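Scroll down for the structure; my scribbles are underneath it.
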Amino acid sequence: MKVFMYEVSSLKGKRQIIKSIIERVKGKFNVSIAEVGNQDKWQIAEIGFCCITNSRKHADAMLNSVIHFIEMDGRLDITECQVEIL
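Residue numbers are given in numbering that gives the first Met the number 0: position 25 of the sequence shown equals residue 24, and the series is strictly consecutive.
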């Protein structure tokens, strides 16, 4: 998932927002999540997350819930989102 942060003016500000979102997602959902790209750009971030389950329906619901949760944060906009279920 690629996100854009309008209000950020430094890497420090970006890292505070991304770290906050990652910790909140970890606390609310049973997923692994990390910043996986664009770590040197201060308004753009790539976040990757995954869940492991034996049900495609459950995986789809979990991933959509995490995406919705991040969308509702208000500090960033999702510009690109790719979902892959294996």
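Just so it is clear, CB atoms sit at the ideal spot from N, CA and C, and this is done for glycine as well. Since we're looking at a predicted model, the values are computed, not measured.
With a cutoff of 8 Å on beta-carbon distance, Leu62 and Val82 are scored as near each other. Annotation for Glu45: Lys1, Val35, Gly36 and Asn37 place their beta carbon closer than 6 Å to its own, counting only its chain and skipping 5 residues before and after. For Phe3, the enclosing beta strand (DSSP E) stretches over residues Lys1 to Phe3. With at least 16 other beta carbons inside 10 angstroms of its own, Lys13 counts as buried.
Distance from the CA of Glu6 to the CA of Phe68, rounded to the nearest whole angstrom, comes to 19 Å.
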